[in-house]
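S.K.:
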């Protein structure tokens, strides 16, 4: 029977897509089949709008062991027989509706992706975006997202070591919750997610299946509206204790009994349907499942429910038949349910049976070619640069009056939630468990040692939606440049990145333009910085119509997670000044002259000029490459005592952050600022790093050798932050707004 | 010395304890699943941190019924060292091997940060390397670490020297603002009457190397190791 529009809307399939499915199938699909097609053809699972653009990313390199899309996570060789598996993923839509559980299950999902590879999860990072905290709903979302991340990760015993958060109007009602997980494994213990040869058994392990999360993948692929609350049943509820058992059992299985199993696959979006079909597709095989065997939480669940449920904390383990008993005993020791629900076949079809209750014995309720499910239609849309963007970029920032009191502006900036210390957040996260955390939250990047070696990895997430909004291409370059620069500032060489692409509705030409330009910018930066994209996730339809009007897209927000490696953990670079008397040098610029273009998209202009976000941000990618190289070369030569890159708030904020963290001042009063003072102090020109050194002469000559402009700023010491004649603030006075800014913003209850 | 580190479903600082004992201090340190009923042959039992059984119902309330707990009780009765950290402290309280309970932090939030601890009793195996009043830095990581007991119990603990550690400031003063969770009388750790069972919320296994930001935790482990023989005999 041809489904009505309501049914198609529920699974987010267009009439044309339905007809295409019928044509390829040569008949109309059954209910269960239709649900399976809808889930796997959703943007969330099928990447139907983004796949052609994702091909622009460089995805290979000498250290890359699995590329983006091949496995549950990207894997990079870090030497000594060890590898790192990592990936970032969004949980935006669930978090908008039920922030605690949405964020918690976002963490749970990304952790499963990592241990499905046989890697032990060792770190979590979270990249968050919210509307302004002056609004009560945004404060609620923020506090409960942070609560959910902590509630899940802390219980699991995986440290949350970093991430970032930003605030802008465009995220009101549609927060971004992107979670990244990093795991470590011996290369020879890595697991695949392929189904392997016919006859292998499919074991469903972990939580029982309930009705939660049905249509979650679909939900992630439509715009949010005032009826979104009705989709609350599509939000899953997490059980971190179950996840902990599952994680330990799967990691131990991979480490000690890898020969018993063919592969592992987590059940995420689109549940059993996606896990089984993806495994089969990778092996060019088929699967035959009987849902009657699935342990369930309630009576009366249909085959449709069981195939599409997104109940959390479940894994599919593919086992060669001779080891079935071993694997079952293994999971039972961990006190986990474990049942055979199907078998791998060689007929290339996904067959679903239901021999439970009334359905009768082995009745086939769905039988579809795997290839039909795993090969959704793809759309190459036509983007168009919107006229409003031309206007924004042409905005005459030079017409704005310059700062009249730079000290007051600095203190004001330090207290904005955007810039203020994020300690309020990360003190709620266990960032130390597993005792690998050499540098924890609050620095440019977090650093983890790899036990049993001298090595350490550095990890960071970044992505500036505001810059992408003003210039999607430059913003895309900047996202990769800043994430990699951050791991370089910690003393590591950037090896590879993962990305989470958060955009609005791609069917709109301006949104598609943003997406395409961002991706092109990111791809160019990944090429230039030699950091291939090894994994990632796409989150589209991030739009809300909070006032009942037209849905409005979020800022285009690609978030990049960078992985860096240092051969010796002793080469870690701290963010804080180390000793009085050290020289301080700015790498990346050779003049303190303020250029008005540096104000584009800056926090200063937003704060000082009534929320204005305008201008055209720029980045010199070749300079960025040279800058990152010179910092690592100088560090290898023992010339770097500390490093912190300039980002939100510009040079003055960067220096203030270092002084507050280290409790040591900077005397750079001799620097003679010219041009626009606001641009010189608070402009957000990228590709700049503030470095302290015991040998400024040697560092400056290194910079010249690498053709990187550099400027000696002053000397570490005292208890004041002095920069030119314009800035002179006691560290104690700067610390006050910086430490309290976030808590004060959250305490503003009733202010909305 | 032979350490048994008990692993309950949901325990997570088992490997951290094992790493510091085995790889940093060169001791034998075995992970022992909670279904074991014998701990014979071990000198010291460690109940590590984590969320046993997800902290569902109440932290430590389910783990106390694990088969291994009878062996832990026998070990304690024999006067041998039992060291409960974080969730391990909560379990020891639930099992009645230590007095008091751990409640939600007064902030109602999880807290992971360094704390200063003042040594209040240096006559236990765990604190034998410390000076009375010495201030050490050990991180906490918990949502339910607010120690509580009634005043009678507290007075008895105080008069018998059974408060092992108090949260304090850098100068060793147990100030209200240096109390991270609302524990009564700033109590961070207590011992049983004989001094061979210690429970504390802070994590000494996380302060085992300068690379991790500090090594004061080693003082406690070394105390156990150095006084090990006496403890077994006593």
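Residue numbers (our numbering), protein chains in the order written: chain A, 6 to 757; chain B, 2 to 235.
Glycine residues also receive a C-beta, built at the ideal position from the N, C-alpha and C atoms.
Run the CB neighbour count on residue 139 of chain A, radius 10 Å, all protein chains shown included, and call it buried at 16 or more, exposed below.
M.R.: exposed
S.K.: Taking CB distances under 8 Å as the criterion, tell me whether residue 342 of chain A reaches chain E.
M.R.: Considering every chain present, this structure includes no chain E. Its protein chains are A and B.
S.K.: Nearest to residue 599 of chain A by CA position, among A/60, A/420, A/407, A/436, is which residue?
M.R.: A/407
S.K.: Inspect the CB distances between the region 529-537 of chain A and the region 411-425 of chain A and report whether three or more fall short of 8 Å.
M.R.: Not touching, per the Cβ criterion.
S.K.: Name, please, each residue of chain B whose Cβ falls closer than 7 Å to the Cβ of residue 255 of chain A.
M.R.: Ordered by position in chain B, no residue passes the 7 Å Cβ test against residue 255 of chain A, which lies about 15 Å from the chain.
S.K.: Taking Cβ positions only, does residue 216 of chain B come closer than 8 Å to chain A?
M.R.: Cβ-Cβ to chain A under 8 Å: no for residue 216 of chain B.
S.K.: Can you grab the Cα-Cα spacing for the pair residue 109 of chain B / residue 145 of chain B, in whole Å?
M.R.: 9 Å
S.K.: Provide the residue span of the beta strand (DSSP E) that contains residue 34 of chain B, from first to last.
M.R.: 29-34
S.K.: At what residues does the alpha helix (DSSP H) containing residue 665 of chain A begin and finish?
M.R.: In the DSSP assignment, residue 665 of chain A falls within the unbroken alpha helix (DSSP H) covering 655-667.
S.K.: In the structure shown, what three-state DSSP assignment does residue 235 of chain B receive?
M.R.: Note that residue 235 of chain B has pLDDT 39, beneath the 50 cutoff, so the model's placement of it is unreliable and the number below is only indicative. The answer is coil: DSSP assigns residue 235 of chain B none of H, G, I, E or B.
S.K.: May I ask which residues mark the beginning and end of the beta strand (DSSP E) holding residue 581 of chain A?
M.R.: It is not in any beta strand (DSSP E) - residue 581 of chain A carries neither H nor E in the DSSP assignment.
S.K.: Considering only the beta carbon of each residue, do residue 206 of chain A and residue 324 of chain A sit closer than 8 Å?
M.R.: Yes, the Cβ-Cβ distance between residue 206 of chain A and residue 324 of chain A is below 8 Å.
S.K.: Does residue 17 of chain B have its Cβ less than 8 Å from a Cβ in chain A?
M.R.: Taking 8 Å as the CB threshold, residue 17 of chain B lines the interface with chain A.
S.K.: If you follow the alpha helix (DSSP H) that residue 154 of chain A is part of, which residue opens it and which one closes it?
M.R.: Per DSSP, residue 154 of chain A belongs to the alpha helix (DSSP H) from 141-161.
S.K.: Return the CA-CA distance between residue 27 of chain A and residue 188 of chain A, expressed in angstroms with no decimal places.
M.R.: 42 Å
S.K.: Within the same chain, show all residues whose beta-carbon is closer than 6 Å to that of residue 454 of chain A, passing over the 5 residues directly before and after it, in chain order.
M.R.: 441, 443, 461, 574
S.K.: List the endpoints of the continuous beta strand (DSSP E) containing residue 169 of chain B.
M.R.: 164-169
S.K.: Relative to the C-alpha of residue 2 of chain A, which residue among A/21, A/352, A/578, A/686 is closest?
M.R.: Any property of residue 2 of chain A remains undetermined from this structure, which presents chain A solely from 6 to 757.
S.K.: Locate the beta strand (DSSP E) running through residue 92 of chain A, then write down its first and last residues.
M.R.: 87-95
S.K.: In the region 112-125 of chain B, which residues sit with their C-beta less than 7 Å from some C-beta in chain A, listed in chain order?
M.R.: Hits within the stretch, in order: 112, 113, 114.
S.K.: For residue 420 of chain A, tell me which candidate among A/748, A/16, A/38 has the shortest Cα-Cα distance.
M.R.: A/748
S.K.: Measuring CB to CB, does residue 612 of chain A end up less than 8 Å from residue 417 of chain A?
M.R.: yes
S.K.: Beta-carbon separation of residue 141 of chain B and residue 203 of chain B under 8 Å?
M.R.: yes
S.K.: What span of residues does the beta strand (DSSP E) with residue 571 of chain A cover, start to end?
M.R.: 562-571
S.K.: Of all Cβ atoms in chain A, is any one closer than 8 Å to the Cβ of residue 58 of chain B?
M.R.: no
S.K.: Check whether the Cβ atoms of residue 181 of chain B and residue 227 of chain B lie closer than 8 Å to each other.
M.R.: Contact: no.
S.K.: Once DSSP output is grouped into helix, strand and coil, what is the label at residue 226 of chain B?
M.R.: helix
S.K.: With which residues is residue 138 of chain B paired in a DSSP beta bridge?
M.R.: Residue 138 of chain B is bridged by DSSP to B/117.
S.K.: State the DSSP-derived secondary structure class of residue 612 of chain A, mapped to helix, strand or coil.
M.R.: helix
S.K.: Within the continuous alpha helix (DSSP H) that includes residue 91 of chain B, where are the two ends?
M.R.: 88-95
S.K.: Can a CB atom of chain A be found closer than 8 Å to the CB of residue 162 of chain B?
M.R.: It does not; no Cβ of chain A falls within 8 Å.
S.K.: List the residues that DSSP assigns as beta-bridge partners of residue 169 of chain A.
M.R.: A/132
S.K.: Under 6 Å Cβ to Cβ from residue 506 of chain A, same chain only, skipping five residues before and after it: list those, please.
M.R.: 543, 563
S.K.: Among all the DSSP beta bridges, which residues are the ones paired with residue 698 of chain A?
M.R.: Secondary-structure assignment with DSSP links residue 698 of chain A through a beta bridge to A/588.
S.K.: Should residue 27 of chain B be counted as a contact of the ligand NAP given a C-beta to heavy atom distance under 7 Å?
M.R.: Ligands in the displayed structure: none, and consequently the ligand NAP is not present.
S.K.: Name the residue from B/184, B/134, B/64 whose alpha carbon lies nearest to the alpha carbon of residue 171 of chain B.
M.R.: With distances taken between Cα atoms, residue 171 of chain B lies closest to B/134.
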